[in-house]
Amino acid sequence: MTNEFSIKKFDDLTSVDVYHILRARAQVFVVEQNCPYQDMDELDFDCLHLIAHQNEMLVGYCRIIPPEFNTLKSLSSPANQMSAIGRVLVLAPYRGSGLARQIMVQAINYCRKHYGKKRPIVISAQTYLLSFYESLGFVVEGGRYLEDGIEHVTMVLPPVKKVKVKKENSKSTVGTILTFLLLILGLMFIAGLIYLMT
122 MTNEFSIKKF DDLTSVDVYH ILRARAQVFV VEQNCPYQDM DELDFDCLHL
172 IAHQNEMLVG YCRIIPPEFN TLKSLSSPAN QMSAIGRVLV LAPYRGSGLA
222 RQIMVQAINY CRKHYGKKRP IVISAQTYLL SFYESLGFVV EGGRYLEDGI
272 EHVTMVLPPV KKVKVKKENS KSTVGTILTF LLLILGLMFI AGLIYLMT
C-alpha cells in the first residue's frame, strides 16, 4: 500500500488531525514504552507536523522543529541555528516496512529545502535506534543521557557538502590531441625519410 505524506503547521491541523497525532504519540511513547511523561508541550504550536497516512489513516508521524524554536544543543552549532526532528513514530502494524526511513527522509528533505543545506539537523535519539539514525547519516555527539527514564543520545546530521567536480578543460584536451597527432605525423615523416634513404 502506498504511503502519503503531508506536512502542516499546527494552525493548519484539523481537530481530527490533532486527535490522531496525540493518540499515536500516547500509544507509542507512553503506553508501549511504559513511560508516563507529559508528551504534549508548548513546542507543538511552533512545529511542523509530518503525517504519514494510508487511506487517510495516520500510520506514522514526526514533528519538525524550526531553528528559531529548537532548544536541542549540539557541540558543532548553537541550538537556534539548527532544525530538529522529534517524536518519530510508526504505529505497530506498519513497522518493518521502511516507513520510518521514509518519514525521516521526508523530514530531512523538508529541513534542507526550507532551512538551508548548510545547516545541520539535530535529534535526541533513543539509543536502541542508533544504527537506524547512523544509516541516515546522523553522527553521535556527546554522551548518553536519560530522558524520561529512557537512554538517549544527541545526534547531528552534518550539512550537505558540495563536491567539486573537476571539469576537464576542453582547450587542454584539444591541445593534447593535436600534439599527439603532430608527434605521430612527425614520426611517420621520419620513418618515410629513412625508408627512402635505404
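Residue numbers (my numbering): 122 to 319.
By construction, the Cβ of each residue, glycine as well, lies at the ideal position given by its N, Cα and C atoms.
With C-beta atoms as the reference, is Q202 less than 7 Å away from P188?
In the sequence shown, residue 202 corresponds to position 81, counting from 1. In the sequence shown, residue 188 corresponds to position 67, counting from 1. Closer than 7 Å, so yes.
List the residues that DSSP assigns as beta-bridge partners of R184.
By 1-based counting over the sequence shown, the position of residue 184 is 63. H170 and G207.
Since I believe I242 is in contact with C156 (beta carbons under 8 Å), could you give me their beta-carbon distance rounded to a whole number of angstroms?
Locating residue 156 in the sequence shown gives position 35, counting from the first residue. Locating residue 242 in the sequence shown gives position 121, counting from the first residue. About 25 Å separates the two Cβ atoms, so there is no contact after all.
What are the start and end residues of the beta strand (DSSP E) that includes M161?
Walking along the sequence shown from the start, residue 161 turns up at place 40. No beta strand (DSSP E) holds M161; DSSP gives it neither H nor E.
Return the first residue and the last residue of the alpha helix (DSSP H) that E189 is part of.
The sequence position of residue 189 within the sequence shown is 68, counting from 1. Element bounds for E189: n/a, residue is neither H nor E.
Runs of alpha helix (DSSP H) lying entirely within the region 225-288, each at least 4 residues, in chain order:
251-256
What's the call for G264, buried or exposed, on a 16-neighbour Cβ count within 10 Å?
Here residue 264 is taken as the residue at index 143 of the sequence shown, counted from 1. It is exposed - the Cβ of G264 has fewer than 16 other Cβ atoms within 10 Å.
Could you give the C-beta distance for L179 and I229, rounded to a whole number, given that I count them as a contact under 8 Å?
One-based indexing of the sequence shown puts residue 179 at position 58. One-based indexing of the sequence shown puts residue 229 at position 108. About 20 Å; that fails the 8 Å criterion.
Going by DSSP, which residues form a beta bridge with F126?
One-based indexing of the sequence shown puts residue 126 at position 5. DSSP lists A173 as partners of F126.
Between the alpha carbons of T123 and K129, how many angstroms are there, rounded?
Here residue 123 refers to the residue found at position 2 when the sequence shown is read from its first residue. Here residue 129 refers to the residue found at position 8 when the sequence shown is read from its first residue. For T123 and K129, the distance between alpha carbons rounds to 20 Å.
Please state if the CB of C232 and the CB of V77 are separated by a distance shorter than 7 Å.
Since the first and last residues shown for the chain are 122 and 319, residue 77 lies out of range.
Straight-line Cα distance separating T294 from L164
The residue given as residue 164 occupies position 43 in the sequence shown. The residue given as residue 294 occupies position 173 in the sequence shown. Between L164 and T294, the C-alpha separation is close to 58 Å.
Per DSSP, what kind of secondary structure is L179 in: helix, strand or coil?
As a working note, residue 179 is residue 58 in the sequence shown. Three-state DSSP puts L179 in a strand.
For Y249 versus S204, is the C-beta spacing smaller than 7 Å?
As a working mapping, residue 249 is identified with position 128 in the sequence shown. As a working mapping, residue 204 is identified with position 83 in the sequence shown. Contact flag unset, no.
With DSSP run on the structure shown, which of helix, strand or coil describes S197?
As a first step, residue 197 is located in the sequence shown; it is residue number 76 there, counting from the start. Correct three-state label for S197: coil.
If we ignore side chains and look at the alpha-carbon of each, how far apart do V137 and H170 end up?
Within the sequence shown, the letter at position 16 stands for residue 137. Within the sequence shown, the letter at position 49 stands for residue 170. Each residue's alpha carbon lies about 14 Å from the other.
Between V261 and V281, is the Cβ-Cβ spacing less than 7 Å?
Residue 261 sits at position 140 when you count from the first residue of the sequence shown. Residue 281 sits at position 160 when you count from the first residue of the sequence shown. It is not a contact, given that the beta carbons lie outside the stated cut-off.
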